[in-house]
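**Q** Before I ask anything, let me first share the structure, which is written out below as structure tokens.
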Amino acid sequence: MKKRLVIEGMHCANCVKGLNAVLTEDVDGIEVIEINLDGGYADIKMDSNIEDSILKEAVEELGFELKEIKSI
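The sequence shown runs 1 to 72 under UniProt numbering.
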């Protein structure tokens with residue numbers, strides 16, 4: 001299953017690095033496909049259905065705002 005996380009608040013390469021680390025290290029079963037700083041999104045691939053609330057918590061742990069989650 002692939003999802004796009006629409007994220008507000010990313011401003012630099014360190015934001016991208018931190019988000020990648022949180023998604024891959026803190027949430028089991030996620031592979032980050034792409035994080036697009038200019039577009040304000042992260043595309044992920046999940047092994048199983050992970051609840052949106054878990055994704056939201058991981059993103060907002062870094063001070064970003066998760067605006068939307070879309071299936072892709």
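Even glycine gets a Cβ: it sits at the ideal position worked out from N, Cα and C. Note that this is a predicted model, so its numbers are computed, not measured.
1) Helix, strand or coil: which one does DSSP assign to I54?
2) For I54, which residues in the same chain have their Cβ closer than 7 Å to its Cβ, ignoring the five residues on either side in sequence?
3) Going by the CB atoms, is the gap between D43 and E34 shorter than 9 Å?
4) By how many angstroms is the C-alpha of L5 removed from the C-alpha of K70?
5) Could you name the residues of the same chain whose beta carbon sits closer than 7 Å to that of Y41, not counting the 5 residues immediately before and after it, in chain order?
6) Where L37 and M10 are concerned, what is the direct C-alpha to C-alpha distance, given to the nearest angstrom?
**A** According to the structure shown:
1) DSSP places I54 in helix when its eight states are reduced to three.
2) V27
3) It is a contact, given that the beta carbons lie within the stated cut-off.
4) 7 Å
5) Once the five neighbours on either side are set aside, the close Cβ partners of Y41 are R4, L5, V6 and I7.
6) 6 Å
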